[in-house]
Amino acid sequence: MIRVVVADDHAMFREMLRIALPRGGDLQVVGEAADGHELIAVASRVRPDVVLLDYKMPHVRNFAALVQELRSGREELQVVVLSGFGSVEVARRAAEGGARGYVLKSTRLAAVADAVYAVARGGTWIDPQLPRNIFDVFQRWTSAARRGAGGGLSGLTRREREVLACVAQGTSNLEIAQKLCISEQTVKTHLTRIFVKLEVKNRVAATLAFYGKGAAPTAPAAD
153 MIRVVVADDH AMFREMLRIA LPRGGDLQVV GEAADGHELI AVASRVRPDV VLLDYKMPHV
213 RNFAALVQEL RSGREELQVV VLSGFGSVEV ARRAAEGGAR GYVLKSTRLA AVADAVYAVA
273 RGGTWIDPQL PRNIFDVFQR WTSAARRGAG GGLSGLTRRE REVLACVAQG TSNLEIAQKL
333 CISEQTVKTH LTRIFVKLEV KNRVAATLAF YGKGAAPTAP AAD
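See the structure below:
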């Protein structure tokens, strides 16, 4: 069970996530917070695995510092930033603090759940609706923070990262195609390119690279 805290100053938005997220069966909202002060107290008390954190929160003077404080002494705690808009500054501050996800509030609820799953398992999730320059900024800061772990990930396109995130969750090619509204052949093409860029030959090795565990370089092969 993945334990989640939702931090947002809008009660209705928190309630929506509290009701919707557990429908997948293995997500549990264990706490809520309406401002920065409350968030620190709640996170300390319930010890979540993932915090969904609104970028504009009352009583938050330094967003990156707040994320760092949340994760201080608890490196396993992951943060997904929620924002109503795409911004290079949001991406930079979020990644600088140690956040591993950036999701727009206008995205589908299922995508929020996907982001939680991805970061809880050690990956990174960046909303596919975000412009490429924002994606690049977040990825660059995240890669630097990981000190080069899984460095080949920075060479993937946004769509390739989406496909790889699905693969890491154990999703089949057909299911990925349906989820991303592309053909199964296109999924296979993306996988071939992913394997080349990561220097792996199968889904298992690609998944290890996604989670920063590394894999021995091998010749690429289609899946």
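In the numbering used here, the protein residues as written are 153 to 375.
Here a beta-carbon is modelled for each residue, glycine too, at the ideal position from N, C-alpha and C.
Checklist line | C-beta contact flag for LEU169 and VAL264 at 8 Å | finding: yes
Notebook entry, point to check: Using DSSP with H/G/I as helix, E/B as strand and the rest coil, what is GLN180?
Noted result: strand
Item checked: Residue ranges of each alpha helix (DSSP H) within the segment 162 to 227, 4 or longer -> 163 to 172, 188 to 198, 215 to 223
Next item on the list: Going by DSSP, name the residue or residues bridged to SER235.
Entry: LEU256
Check: Which residues bound the alpha helix (DSSP H) around ARG273?
Finding: Careful: ARG273 lies outside any alpha helix (DSSP H) and carries neither H nor E.
Next item on the list: Pick out whichever of CYS333, LYS257, THR341, SER324 has its Cα sitting closest to the Cα of VAL356.
Entry: SER324
Notebook entry, point to check: Thinking just about the alpha-carbon of each residue, which of ARG213, ASP206, HIS211, GLY225 is nearest to the one in VAL233?
Noted result: ASP206
Notebook entry, point to check: From ILE328 to GLY274, what does the alpha carbon distance come to, in whole angstroms?
Noted result: 20 Å
Next item on the list: Compare the C-alpha of LEU179 against each of LEU204, ALA243, LYS353, SER196 and name the closest.
Entry: LEU204
Note to self: Can you check which of these residues, LEU305, VAL202, VAL157, SER239, is closest to ASP187 by C-alpha distance?
What the structure shows: VAL157
Check: Roughly how many whole angstroms lie between the Cα atoms of ILE346 and LEU316?
Finding: 8 Å
Checklist line | Sequence-distant residues of its chain with Cβ nearer than 8 Å to ILE154 (five each side left out) | finding: ASP178, LEU179, GLN180, ASP201, VAL202, VAL268, TYR269, ALA272
Note to self: Excluding the 5 residues flanking GLN321 on each side, which residues of the same chain have their C-beta closer than 7 Å to its C-beta?
What the structure shows: TYR269
Check: Are SER235 and LEU256 closer than 8 Å when you measure CB to CB?
Finding: yes
Next item on the list: Report yes if the C-beta distance between ARG244 and VAL231 is below 8 Å; otherwise report no.
Entry: no
Next item on the list: Classify CYS403 as buried or exposed, calling it buried when 16 or more other Cβ atoms lie within 10 Å of its own Cβ.
Entry: Absent from the model: residue 403. The displayed extent of the chain is 153 to 375, so no value can be given.
Next item on the list: Work out the CA separation of GLU227 and ALA247 for me, nearest whole Å.
Entry: 14 Å
Next item on the list: Determine the extent of the alpha helix (DSSP H) in which ALA329 is found, giving its start and end residues.
Entry: 325 to 332
Check: Could you check where the alpha helix (DSSP H) with VAL240 kicks off and where it finishes?
Finding: 240 to 249
Checklist line | Neighbourhood of ASP161 by C-beta, 8 Å cutoff - its chain only, sequence neighbours within 5 removed | finding: ALA186, ASP187, ASP206, LYS208, MET209, PRO210
Margin query: Using 8 Å for Cβ pairs, my map puts GLY249 next to PHE287. What's the rounded Cβ distance?
Written below: About 18 Å separates the two Cβ atoms, so there is no contact after all.
Margin query: Here's the rule: buried if 16 or more other CB atoms are within 10 angstroms of the residue's CB, otherwise exposed. What is GLY307?
Written below: exposed
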